[in-house]
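One structure is given below, encoded as structure tokens.
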Amino acid sequence: MPAWRNISLWMDQLDEPLTPRPALERDLDLDVAIIGAGYTGLWTAYYLKRLDPGLKIAVFEAQIAGFGASGRNGGWLMGNLLGEDRLLAPLPPEQRRASYELLHGIPDEVANVIEREGIDCDYRKGGVLYCAARYPEQHASLRQYLAHLHDQGLGEADYRWLTPEQLAGQLRVANAYGAIQAAHCATIQPAKLVRGLARAVERLGVALYENSPVTHWQSGSLQTPRAAVRSRWIVPAVEGYSVTLAPLGRYQLPVQSLLVATEPLPQSTWDEIGLSQGQAFSEGSRQVTYGQRTLDDRLVFGARGGYQFAGKLRHDFNLSQDEVQLRRYLFGELFPQLKNVRITHAWGGNLGMSRQFHPHMLCDRRKGIALAGGYGGEGVGASNLGGRTLAELILQRDSPLVRQPWVLPEGGLDRLRAWEPEPCRWLGYNAIIQSFVHEDQTLANPATAPWRRRMASRIAGFMEGFMH
């Protein structure tokens, strides 16, 4: 049996036996067939069954529930979507505000479900602290971003600036210049959520087959190694694993994010650091860092990973020494007292990035295909919205969920923008990432000449523009 507990700290912490559910052994006729027992697939099944209990629904998982990004992420449950400001900017102010409120309500909606279904997943809604630290340029960039958010009609209750003194009341990082505090974020133990959600959908009458990889799919049917399935609706909910289901790989780029977890830290150390209310935190570089204090007093900290040529999935997440040390360096810059702390777990996962650099939700009624994805690392919360939205689209319910700019007009996969062919993707992605790394190294060195600092940031900003 594969070492499921080695997937991540989160899977290692589970107190349940990770015995796979039985594989599919017989042909089925269904109303809805869902490929993938991660957050998107399970949320879709959950809301469909709640709205229409008579539906025949089954979920087919290649490994076990939580094997993919749902069991490997950093545990941020955000009331946000990647690229939301660009998507909502063209809307009239009143409509834009309503869309933001829909997004901001995601953590509370998940809280309602976990209470209803008795899912204990260490949910704590403490908000998130986007810190300006490590070098002064972060202060200017975060203040500019905050002004942009306020220009879009968001107020102090949503995003507010904390002075270094105010930040220290919640989190004490070295070289702090201030922070944006965002209210609409919770932290969770993600494997407990996905595993609890799997049990919840089974209680509602959804069949879940594990060790049942889908080897072929098309409108109206799919195939597993031992059985054929006919279904009115097919929902490929595979996100970063889209390359395994042609032609979805044309529209989703699998990129990796990598994390480490420390040993449990003594209370005296946490008294120095803070994070007593379950807050998430990051620092304002383009390294895309993210961290939280777990319920058992570990620091979990992650940062942007990489992309493999031709969109090849990464399967080996035994992190290299360099990968671990980069994350140790980054959190050590924020918390010097942790530079030599013992790291007990290191892992990573594949996530999906769309060519538009924002999520998409799509329902092709003619072919009976519905999908959501492209979450770009913000999928813990976005997948809940995606599952709710797909359920409403499939059942043809008219609601604010289906009238959002991330919901594509009626049509097929041709509504999605395809990624460029290789080697353009690999060259472009790595050029962008290298510009970010160069900027961070340049700005983190206080001896760097001002003109070099400006040049590094201009180049990185220019390269980042290709992601919009």
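The sequence shown begins at -6 in the numbering used here and counts up by one.
Backbone N, C-alpha and C define an ideal beta-carbon position, used for all residues, glycine too.
In angstroms with no decimal places, state the Cα-to-Cα distance between residue i and residue j.
i: Ala230; j: Val187; result: 14 Å
i: Asp391; j: Glu385; result: 7 Å
i: Ser275; j: Lys360; result: 42 Å
i: Gly72; j: Ala140; result: 19 Å
i: Thr382; j: Gly29; result: 17 Å
i: Cys124; j: Trp340; result: 24 Å
i: Leu312; j: Val253; result: 9 Å
i: Leu142; j: Asp24; result: 42 Å
i: Leu70; j: Tyr422; result: 26 Å
i: Gln174; j: Phe60; result: 32 Å
i: Thr237; j: Gly64; result: 19 Å
i: Arg196; j: Ile181; result: 22 Å
i: Asp78; j: Glu413; result: 25 Å
i: Asn(-1); j: Asp5; result: 6 Å
i: Gln330; j: Asn438; result: 20 Å
i: Gln211; j: Gly404; result: 15 Å
i: Leu201; j: Gly295; result: 31 Å
i: Tyr476; j: Asn377; result: Because the chain is modelled from -6 through 461, residue 476 falls outside the range shown and cannot be assessed.
i: Glu87; j: Leu96; result: 15 Å
i: His461; j: Pro15; result: 43 Å
i: Ser214; j: Tyr138; result: 46 Å
i: Val334; j: Arg117; result: 25 Å
Taking all protein chains shown into account, decide if residue i is buried (16 or more other Cβ within 10 angstroms of its Cβ) or exposed.
i: Gln389; result: exposed
i: Gln314; result: exposed
i: Thr156; result: exposed
i: Leu420; result: exposed
i: Ala440; result: exposed
i: Arg109; result: exposed
i: Phe328; result: buried
i: Tyr322; result: exposed
i: Asn66; result: buried
i: Ser428; result: buried
i: Pro218; result: exposed
i: Phe310; result: buried
i: Ala442; result: exposed
i: Pro129; result: exposed
i: Cys417; result: exposed
i: Ser261; result: exposed
i: Lys185; result: buried
i: Phe459; result: exposed
i: Glu149; result: exposed
For residue i and residue j, which I take to be in contact (beta-carbon distance under 8 Å), what is that distance rounded to the nearest angstrom?
i: Trp2; j: His338; result: One point to set straight first is that residue 2 is Leu, not Trp, in the sequence displayed. Indeed, because the Cβ distance is near 4 Å, the residues count as touching under 8 Å.
i: Leu35; j: Ala191; result: 6 Å
i: Gly298; j: Leu251; result: 4 Å
i: Ile336; j: Thr255; result: 6 Å
i: Tyr170; j: His132; result: 4 Å
i: Gly271; j: Gly374; result: In fact, because the Cβ distance is near 15 Å, the residues do not count as touching under 8 Å.
i: Glu371; j: Leu74; result: 6 Å
With a threshold of 6 Å on Cβ separation, who are the neighbours of residue i within its own chain once the five nearest residues in sequence on each side are excluded?
i: Arg243; result: Ala411
i: Pro206; result: Ala55
i: Pro257; result: Asp289, Asp290 and Arg291
i: Val430; result: none
i: Pro398; result: Leu80
Determine, for residue i, whether the minimum Cβ-Cβ distance to residues of chain D falls below 7 Å.
i: Glu413; result: Any reference to chain D falls outside this structure, which holds one protein chain only.
According to the Cβ coordinates, are residue i and residue j closer than 7 Å?
i: Gly68; j: Pro183; result: yes
i: Cys356; j: Ala365; result: no
i: Asp115; j: Leu319; result: no
i: Ile50; j: Pro13; result: no
i: Ile425; j: Met448; result: no
i: Phe350; j: Gly76; result: yes
i: Ala220; j: Asp20; result: yes
i: Asp433; j: Ser269; result: no
i: Lys42; j: Val222; result: no
i: Val293; j: Gln280; result: no
i: Ala179; j: Pro100; result: yes
i: Leu164; j: Leu135; result: no
i: Tyr40; j: Val194; result: no
Grab me the residues of residue i's own chain with a C-beta within less than 7 Å of its C-beta, minus the 5 sequence neighbours each way, in chain order.
i: Met(-6); result: In this prediction, Met(-6) scores a pLDDT of 46, lower than 50, which makes its location untrustworthy; the coordinate-derived value is nonetheless stated afterwards. Nothing listed; no residue qualifies.
i: Thr37; result: Ile27, Val228, Ala230, Gly380, Leu383 and Ala384
i: Glu326; result: Arg127 and Ala167
i: Gln301; result: Arg307
i: Ala(-4); result: none
i: Thr435; result: Thr441, Arg445, Arg446 and Ala449
Go through its chain and collect everything with a Cβ distance to residue i's Cβ below 8 Å, but skip five positions before and after it.
i: Pro240; result: Leu406
i: Arg89; result: Leu81, Ala82, Gln145 and Gly146
i: Gly233; result: Gly61, Ala62, Gln245, Pro247, Val248, Leu306, Gly342, Asn343, Leu344 and Gly345
i: Ser347; result: Tyr244, Gln245, Leu246, His353, Gly366, Gly367, Gly369, Leu409 and Arg410
i: Trp263; result: Ser269, Arg286 and Asp290
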